[in-house]
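One structure is given below, encoded as structure tokens.
Number of protein chains: 2
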Amino acid sequence: MLSQHRVDCDCIHCLAKNFPFSYLTHDELELLDQNKNIVNYNPGEIIVKQGSSMTHLLSFYSGLAKIYLEGINGHNLILQLIKGSDFFIGPGMYTDFKHHTSIAAITRSTACFVDIHLYLEIMNRNPAFANQSLKAENIKKIDALKKIVSLTQKQMPGRIADALLYLHDNIYGTNPFRIDISRKDLADMTALSKESVIRILKQFRDDEIIDVKGSKIEILDLAAVRHYSEVG
Amino acid sequence: MLSQHRVDCDCIHCLAKNFPFSYLTHDELELLDQNKNIVNYNPGEIIVKQGSSMTHLLSFYSGLAKIYLEGINGHNLILQLIKGSDFFIGPGMYTDFKHHTSIAAITRSTACFVDIHLYLEIMNRNPAFANQSLKAENIKKIDALKKIVSLTQKQMPGRIADALLYLHDNIYGTNPFRIDISRKDLADMTALSKESVIRILKQFRDDEIIDVKGSKIEILDLAAVRHYSEVG
DNA sequence: GATCATCCATGATAAAAATCATGAAGCCAA
DNA sequence: TTGGCTTCATGATTTTTATCATGGATGATC
Numbered sequence: 141m142l143s144q145h146r147v148d149c150d151c152i153h154c155l156a157k158n159f160p161f162s163y164l165t166h167d168e169l170e171l172l173d174q175n176k177n178i179v180n181y182n183p184g185e186i187i188v189k190q191g192s193s194m195t196h197l198l199s200f201y202s203g204l205a206k207i208y209l210e211g212i213n214g215h216n217l218i219l220q221l222i223k224g225s226d227f228f229i230g231p232g233m234y235t236d237f238k239h240h241t242s243i244a245a246i247t248r249s250t251a252c253f254v255d256i257h258l259y260l261e262i263m264n265r266n267p268a269f270a271n272q273s274l275k276a277e278n279i280k281k282i283d284a285l286k287k288i289v290s291l292t293q294k295q296m297p298g299r300i301a302d303a304l305l306y307l308h309d310n311i312y313g314t315n316p317f318r319i320d321i322s323r324k325d326l327a328d329m330t331a332l333s334k335e336s337v338i339r340i341l342k343q344f345r346d347d348e349i350i351d352v353k354g355s356k357i358e359i360l361d362l363a364a365v366r367h368y369s370e371v372g
Numbered sequence: 141m142l143s144q145h146r147v148d149c150d151c152i153h154c155l156a157k158n159f160p161f162s163y164l165t166h167d168e169l170e171l172l173d174q175n176k177n178i179v180n181y182n183p184g185e186i187i188v189k190q191g192s193s194m195t196h197l198l199s200f201y202s203g204l205a206k207i208y209l210e211g212i213n214g215h216n217l218i219l220q221l222i223k224g225s226d227f228f229i230g231p232g233m234y235t236d237f238k239h240h241t242s243i244a245a246i247t248r249s250t251a252c253f254v255d256i257h258l259y260l261e262i263m264n265r266n267p268a269f270a271n272q273s274l275k276a277e278n279i280k281k282i283d284a285l286k287k288i289v290s291l292t293q294k295q296m297p298g299r300i301a302d303a304l305l306y307l308h309d310n311i312y313g314t315n316p317f318r319i320d321i322s323r324k325d326l327a328d329m330t331a332l333s334k335e336s337v338i339r340i341l342k343q344f345r346d347d348e349i350i351d352v353k354g355s356k357i358e359i360l361d362l363a364a365v366r367h368y369s370e371v372g
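Taken in sequence, the protein lines are chains P and G. Mapping to our numbering: the first sequence position 77 is 217, numbers consecutive. Mapping to our numbering: the second sequence position 188 is 328, numbers consecutive.
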């Protein structure tokens, strides 16, 4: 049944459009194509495990997955969601060459793996691509700083507002949107307990800021959500 | 009185030893040397202001400073301390070319500024240096991930333990050590209130894990501190 | 369609941490 | 030395959030 996934892709047409791969030459893309490795995943399956060796880089092809930190006492913290056509380089690159986060599929997903040695080779001979990779990494670092502020300086309504805005702006892009993640995942995104998540969602619904029906969420008052996000 | 600071340095002898500058050629170091800009700061003075344009990069020459995020409602969060010979590239590099953190002197400090265009030029023509810069940035990103875990999943004793270990291992390197930062700064490092910091320090002292006399801190039971750091 | 498992929801309670209030101690400057 | 200022310290109280307990809804499986 996994054959329903489309796996016959080539890097020239797939990666060429994506930042930072748009800076690669045709030859370099063909090199990647000959060394790629496509894998399908069912919901819940682990794609990358924190602590394992970083032998390949991940170009996420389709589906939805969560990038998360395995913390203390079994607590996970979801750093970001990743959807079709996102490229992922972990911070273990150039340092200890281990994965410092885990990635798990939320929906059925397809991922494309690129050998890390090939990536390094291309990095060394294509400075423009190296610069753009730096840029991509720094954007993630800015996001991480925002996340630290959100998680340490905002209280529950502000953090839930941030999660709702993230899902709306970055993942689904529609309103209403149907979330594929559980309340537990929302809790792991906001570093709250799942009961607290449910309580704030109920409070937002009672205040007619959002409408929640199961997994379907509609933002009724975007300005109010943004306000909660800003004041904390 | 600022003339007490030594300001007659040259990049060839100063930067050549420091990662990632050890990967630069003699000519490149001379280029830096001709374009450097040395500034002295008194305690409390702002060296880099969050939100300002990133026109120069900072090579911290001597003293002690704090790199912090200006958050919500006047709350600051100290990400790291920076001491002599540390090089600082912010995540605004390659993205919006703005500073996303502020840096303020804690003790009298001297900083050396490098024009960003020059840095970018060297990055483009020296791939080995570019790779090492990536490495330096990724090490900071790993630290940021650890910080997120510390601040979101550990409670007060674990976070204070982390701060004590950071000061001991990374900043002062001696035991006992005399901290230059206030209790308020410790609070900003751990995202706690200053009263809570004082209470945990007192608890650690009562438990004979540390000895605190004003700004002098001695770790009496390093294993206990590490244990608090690990279990949260 | 009954059973089981998982997720969602909600109230009651407990724990964690912030805030408030108040002094004490240290440090300068006049 | 005195007064003023900042930092440090500590107890009382309140706020915030997690945990616990329980029940309902939903969905898959046989």
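Where is the CB? At the ideal position from N, CA and C, for every residue including glycine. Just so we're clear, the structure is a prediction, and the values are computed from it rather than from any experiment.
| Check | Outcome |
| --- | --- |
| Residue burial classification, G:Gln220 (beta-carbon count within 10 angstroms, cutoff 16) | buried |
| Completely contained beta strand (DSSP E) runs for the region 188-262 of chain G, where each covers 3 or more residues | 196-202, 204-210, 216-223, 226-228, 242-245 and 249-255 |
| Residue environment, G:Arg318, which counts as buried when at least 16 other CB atoms sit within 10 Å | exposed |
| C-alpha distance - P:Ser242 paired with P:Asp361, whole-angstrom precision | 34 Å |
| Under 8 Å between C-beta atoms of G:Asn266 and G:Tyr181 | no |
| Closest by C-alpha distance to G:Ser192, when choosing among G:Tyr259, G:Pro183 and G:Gly230 | G:Gly230 |
| G:Asp351 - partner residues in DSSP beta bridges | G:Glu358 |
| G:Ser249 and G:Leu204 closer than 8 Å at C-beta | yes |
| Contacts around G:Ile152, its chain only, beta-carbon distance under 8 Å, and the 5 residues preceding and following it disregarded | His166, Leu169, Glu170 and Asp173 |
| Residue from G:Asn264, G:Ala245, G:Ile282 and G:Tyr306 with nearest C-alpha to G:Ser369 | G:Tyr306 |
| Beta carbon of G:Leu291 nearer than 8 Å to that of G:Ala251 | no |
| Three-pair Cβ contact test at 8 Å for the region 321-330 of chain P versus the region 208-218 of chain P | yes |
| G:Ile288 in three-state terms, based on DSSP | helix |
| C-beta neighbour in chain G for P:Asn158, strict 8 Å | no |
| Neighbour flag for G:His257 against chain P, beta carbons, 8 Å | no |
| Same chain, Cβ closer than 7 Å to G:Thr247, five either side skipped, listed in chain order | Pro183, Gly203, Leu204 and Asp320 |
| The region 196-216 of chain P: positions lying closer than 8 Å to chain G by Cβ | Leu209, Gly211, Ile212, Asn213 and His215 |
| Closer than 7 Å at the beta carbon, the chain G residues around P:His240 | Ile282 and Leu285 |
| Exposure label - G:Ala303; buried when at least 16 CB within 10 Å | buried |
| Which of helix, strand or coil DSSP assigns to G:Phe159 | coil |
| Pairwise C-alpha distance: G:Gln293 and P:His215 | 7 Å |
| Contacts that G:Tyr234 makes with chain P (C-beta to C-beta distance below 7 Å) | Asn271, Leu274, Lys275 and Asn278 |
| Close beta carbons around P:Pro297, own chain, < 6 Å, minus the five adjacent residues each side | Ile340 and Tyr368 |
| Helix, strand or coil at P:Ile186 [DSSP, three-state] | strand |
| is_contact[P:Met141, chain G] using C-beta, thresh 8 Å | Confidence at P:Met141 is low in this model, with a pLDDT of 39, below 50, so the placement of that residue should be treated as unreliable; the coordinate-derived value is given next. With 8 Å as the cut-off, P:Met141 does not count as an interface residue toward chain G. |
| Where G:Ile338 sits in the DSSP three-state scheme | helix |
| Other residues of its chain near P:Asn175: CB distance less than 8 Å, five sequence neighbours each side excluded | Val254, Asp255 and Leu258 |
| Per DSSP, the bridge partner or partners of G:Phe317 | G:Ile357 |
| Rounded separation between G:Gln190 and G:Leu155 - CA only | 25 Å |
| Contact with chain P by G:Lys294, beta-carbon distance below 8 Å | yes |
| Through-space distance from G:Asp346 to P:Leu285, alpha-carbon basis | 35 Å |
| Nearest to P:Val379 (by Cα), restricted to the options G:Asn213, G:Arg323 and G:Phe161 | One cannot answer for residue 379 of chain P here, as it falls past the ends of chain P, which runs 141 to 372. |
| Which listed residue (P:Lys275, P:Lys356 and P:Asp283) has its alpha carbon closest to that of P:Pro160 | P:Lys275 |
| Candidates G:Glu335, G:Asp226 and G:Pro316: closest to G:Val352 by CA position | G:Pro316 |
| P:Asn177 (DSSP reduced to helix, strand or coil) | strand |
| Simplified DSSP assignment, three categories, for G:Leu305 | helix |
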